[in-house]
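Visitor: My questions all concern the structure below.
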Amino acid sequence: MTTAESTLRAEAPRATASARQGFHREGRAAYLFLAPSLLFFCIFLILPFLFAVVLAFSDWGGFDLGTIEWAGLKNFSDVLRFDGTFVKPILVNTLLFAFGSVALATIGSVLVAYCIDRLSFQGFWRVLYFLPVVATVVAIGNVWKMMYQPAGLINGILNKLGANSIGFLSDANYALPAVTVVHAWASIGGAVLILTAGLKSIPEMYYEAAEVDGANTWRMFWQITLPLLRPSLLFVLITQFIGGLQSFALIIVMTTDGGPVNATNVAAFEMYQQAFKFGAWGTASAMAMVLFVVILVITLLQLYVARRRGEETS
Amino acid sequence: MRMTQGIRLAVVLGLLASGTACSGGEGASGDGKVQLTLLSHYGSHPAKDGLDKMLEQWNKENPDIQVKSEVVKFDDLLTTLTVRQTGGRGADIVSAYGLWGGQLQKANVLAKVPDDVAKGINSKYSPAALGAVTTGGTLLGYPTELNTYGLFYNKKILAAAGVTKPPATWAELQETAKKVAKRDAKGNVQVEGLSLIQDGDNKSAHPFLSLLDSAGGTFLGPDGKAQFDNAQGKSALRLEADLAAAKATDPSISPVKQFRSGGVAMAIQAGWWVGSLKTQMAGKYSDVGVAPIPGPTAGSKGSLAYGFFMGVNQRSKHSEEAWKFLAWLNDHQTDSGVTGMGQYLADMGLIPPRTADAATLKKSLKDPNLVPIYDAAEYAMPEPNMPGAYEAKTALHNSIMTVLSDGKSPDEALAQAAKAVKPQ
């Protein structure tokens, strides 16, 4: 072994130790910078979530934290009873409301984004469609509520066309579709914005080549636009679906109590009622856990399907 | 393991939070003055003005015990109460709806009414008022607002159909409702015969419970078990089903909006509506009549009584001062020979819950429509308020709506509602 080699070997552990020290220093600094965000995350997300998990297995009437009592799986057995109201109609309504509004909003937003992409004054059109997103749910809900009234605009049009009036918000058969349409309408703006950005990222040369090959607009839409828009579509689908499953503000504004006869009652609204109206915080938390699992499963399914097709969210 | 640690952490932090959540109101200031807070829903005219006037008088006469009013809308009252109490910022004195009483009592929100105060209240207030603010034999506080239900009707609409006096039996009620109901060719309601819903919480429950009372039935037993799934309950709901099938009642019509414009001929509503209609209808108020809610046979009648109360927060550091203030608020006499609270409630068109106040004010009632409302306090069924009563009422409302909106069988609907009642 040469002198140089032995010197190098002797210095190597020192260099490693020094690098480790530097890494630790950097790590500490990184955690220090992350601390405010981590603290925020812990206080407003992790802690409430853990508290909700504890409550889901407890009996608590609210007000006094000292009165929390262990209830085991009772809340879950109450909530998941098939002769109760949570599974059917409430959870079924939640899924129908979310699926319905996502389907309508996605189809609508793809069409609108595709049209806007081919129009002049695109900024103006995007702003126009984005306005419902900016408007408050209370305003949107009340305007649509008035339009749905027996003497409202929509029934007025139906009457002019010779049809009888429909109790859009008072007939249990129409109430859920009626609020689903409004939720979809209000969600289109945000989706249009994302999809327009997705459309802009599709290289023009694909359309030029397809045109040279004689493809018509319809074929170009199906075979170029839609496949290349999938990452944006996946993002829109997942975020809209989660939003749809958690949403209930619009339902409160339009129906007040999730009626008629629970026809528009959804899981998030029922949780709110159980907790703040009936003081059944354990039941409300168990419902929250069930909804959490439902959202998780559906989101994982969406991701799994998208990944099998080789797509990722953008 | 990590999950367990997380749960422990949450519980520890929760308990720490509960440690901080042990004070009520703003407490005493350095100069020995006590500042009490009073949370209520009396935030709009005339309720706010009347309460502020009484507080002003108290604060002037009692410089060492100052009371500050905090108001929210009724729809936000329970949520505000819950959030503030859990967060350790509950008011010293709370004004609450009697129906929430059991829930508040179970959660240790309310302080026990001192024996001498309870004795005074029990001897001076009407049975309906006491019943609406007593849970399982425990008085929750001073009864304040008391509402009973009556049959409101539009004299002009009834007269145009040849009906000269309000219905006195269910048969007459059905006949009149069907006679006056009108729809256009497209099925739009022009005049609803009898409104069986109200705005606000549990729309259909109170009118049904009033009819149930008129048939001699009850809602919940003292143990919180359903008592309405019987012959009386079925007959009352069959009456509603018959009116819905005949299109004489329509739950999509809001009586609060339509009655004043002649869109509703009759409605089962609470007494507070008198004051509202007076303001909204102005000169046309003379068209309004109020009668007792008829029962199935001649001479029978029924109503529901619900009330509010003012109680002291169990966490208040100044409960003695709070009770002292409440005693004054509810007992102090005015020049008109009634208590300040009684006059305040009467000015809003509400029934004073104190028997002597009601008797005195009834003698000088300028509005004859208030007479059946006052009378109903003597026979109305007090709204039950044990823990679980609110949920039971919501279940009942949902079942009634299946009859009114979907045409479901009344017997099945009542059985379903009874099954959903969970005594606690």
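Protein chains in written order, with our numbering: chain A, 1 to 314; chain B, 1 to 424.
The C-beta atom is built at its ideal place from N, Cα and C for all residues, glycine as well.
(1) Going by the beta-carbon positions, is the gap between residue 122/B and residue 140/B smaller than 8 Å?
(2) Where residue 41/B and residue 169/B are concerned, what is the direct C-alpha to C-alpha distance, given to the nearest angstrom?
(3) Under 7 Å Cβ to Cβ from residue 395/B, same chain only, skipping five residues before and after it: list those, please.
(4) Just the C-alpha distance for residue 219/B and residue 308/B, rounded to the nearest angstrom, thanks.
(5) Could you tell me whether the region 325 to 338 of chain B touches the region 232 to 250 of chain B, where touching means 3 or more Cβ pairs closer than 8 Å?
(6) Which residues in chain B sit within 7 Å of residue 150/A, going by Cβ to Cβ distance?
(7) Can you confirm whether residue 229/B, when its beta carbon is compared against all beta carbons of chain A, has any partner nearer than 8 Å?
(8) Does DSSP put residue 70/A in a helix, in a strand, or in coil?
(9) Helix, strand or coil for residue 157/B? Go by DSSP, reduced to three states.
(10) Quick check on residue 180/A: buried or exposed, where buried means 16 or more other Cβ atoms within 10 Å of its Cβ?
(11) Can you tell me the Cα-Cα spacing of residue 353/B and residue 290/B, whole angstroms?
(12) Strictly under 8 Å for the Cβ-Cβ distance: is residue 107/B near chain A by that measure?
(13) What does DSSP give as the partner residue(s) for residue 58/A in the beta ladder?
(14) What are the boundary residues of the alpha helix (DSSP H) that includes residue 147/A?
(15) Hey, could you find the ends of the alpha helix (DSSP H) residue 54/B is sitting in?
(16) Looking at C-alpha atoms only, which residue of 65/B, 92/B, 57/B, 96/B is the closest neighbour of residue 76/B?
(17) Residue ranges of each beta strand (DSSP E) run of no fewer than 3 residues wholly in the region 79 to 144 of chain B, ordered along the chain?
(18) Which bits of chain B does residue 165/A rub up against, with CB to CB less than 7 Å?
(19) Quick check on the DSSP output: the alpha helix (DSSP H) that includes residue 173/B runs from which residue to which?
(20) List the residues of chain B whose Cβ lies closer than 8 Å to the Cβ of residue 159/A, in chain order.
(21) Under DSSP, the alpha helix (DSSP H) around residue 99/A begins and ends at which residues?
(22) In chain B, which residues lie with their C-beta within 8 Å of the C-beta of residue 253/A?
(23) Restricting to Cα atoms, I'd like to know which of 154/A, 139/A, 185/A, 226/A is closest to residue 130/A.
(24) Helix, strand or coil for residue 175/A, going by three-state DSSP, please let me know.
(25) Along the region 266 to 298 of chain A, where does the CB come closer than 7 Å to a CB of chain B? Name the residues.
(26) Please confirm if residue 76/A has its CB atom under 8 Å from at least one CB of chain B.
(27) Between the beta-carbon of residue 38/B and the beta-carbon of residue 91/B, is there less than 8 Å?
(28) Consider the Cβ of residue 348/B: report whether some Cβ of chain A lies at a distance smaller than 8 Å.
(29) DSSP state of residue 383/B, grouped into three classes?
(30) Using a Cβ-Cβ cut-off of less than 9 Å, give me the residues of the region 366 to 399 of chain B that come near chain A, in sequence order.
(31) By alpha-carbon positions, which one of 212/B, 147/B, 185/B ends up nearest to residue 163/A?
(32) Given a cut-off of 8 Å, decide if residue 216/B and residue 230/B are closer than it, judged by their beta-carbon atoms.
(33) Extract the residue ranges of the alpha helix (DSSP H) inside the region 188 to 235 of chain B, only unbroken runs of 4 or more that lie entirely within it.
Guide: Taking the definition as stated:
(1) No, these two residues do not count as a Cβ contact at 8 Å.
(2) Looking at the two C-alpha atoms, the distance is approximately 37 Å.
(3) So the list reads 417, 420, 421, once near-sequence residues are dropped.
(4) Going from the Cα of residue 219/B to the Cα of residue 308/B covers about 19 Å.
(5) No, because fewer than three Cβ pairs between the region 325 to 338 of chain B and the region 232 to 250 of chain B fall closer than 8 Å, the two stretches do not touch.
(6) Within chain B, the residues 188, 189, 252 have their CB atoms less than 7 Å from the CB of residue 150/A, given in chain order.
(7) Output row for residue 229/B: interface = no.
(8) In the structure shown, residue 70/A falls within a strand segment according to DSSP collapsed to helix, strand and coil.
(9) Helix at residue 157/B.
(10) Classified as buried, residue 180/A has 16 or more neighbouring CB atoms from the shown chains inside 10 Å of its CB.
(11) In this model, residue 353/B and residue 290/B are separated by some 20 Å (Cα to Cα).
(12) Interface residue, yes.
(13) In DSSP, residue 58/A forms a bridge with 70/A.
(14) Note, residue 147/A: alpha helix (DSSP H), 137 to 148.
(15) Start and end: 47 to 61.
(16) Residue nearest to residue 76/B within the set 65/B, 92/B, 57/B, 96/B is 96/B (criterion: CA-CA distance).
(17) For the region 79 to 144 of chain B, whole beta strand (DSSP E) runs of length 3 or above, ordered along the chain, are 93 to 97.
(18) Correct list: 186, 187, 188.
(19) From DSSP, the alpha helix (DSSP H) with residue 173/B extends over 170 to 180.
(20) Under the 8 Å cutoff, chain B gives 186, 188.
(21) Here the alpha helix (DSSP H) through residue 99/A covers 92 to 116.
(22) Against chain B, the beta carbon of residue 253/A has no neighbour under 8 Å; the closest one sits roughly 12 Å away.
(23) Of 154/A, 139/A, 185/A, 226/A, the residue nearest in Cα terms is 185/A.
(24) Helix at residue 175/A.
(25) Of all residues in the region 266 to 298 of chain A, only 276, 277, 278, 279 place a beta-carbon less than 7 Å from a beta-carbon of chain B.
(26) Taking CB atoms only, residue 76/A has no neighbour in chain B less than 8 Å away.
(27) In this structure, residue 38/B lies near residue 91/B, with their beta-carbon atoms less than 8 Å apart.
(28) Interface flag for residue 348/B against chain A is unset, since no Cβ pair is found closer than 8 Å.
(29) Three-state DSSP puts residue 383/B in coil, outside helix and strand.
(30) Result list: 387, 388, 390, 391, 394, 395, 397, 398, 399.
(31) Nearest option by C-alpha distance: 185/B.
(32) When the beta-carbon positions are compared, residue 230/B and residue 216/B stay at least 8 Å from each other.
(33) If we require 4 residues or more, the alpha helix (DSSP H) runs fully inside the region 188 to 235 of chain B come out as 205 to 214.
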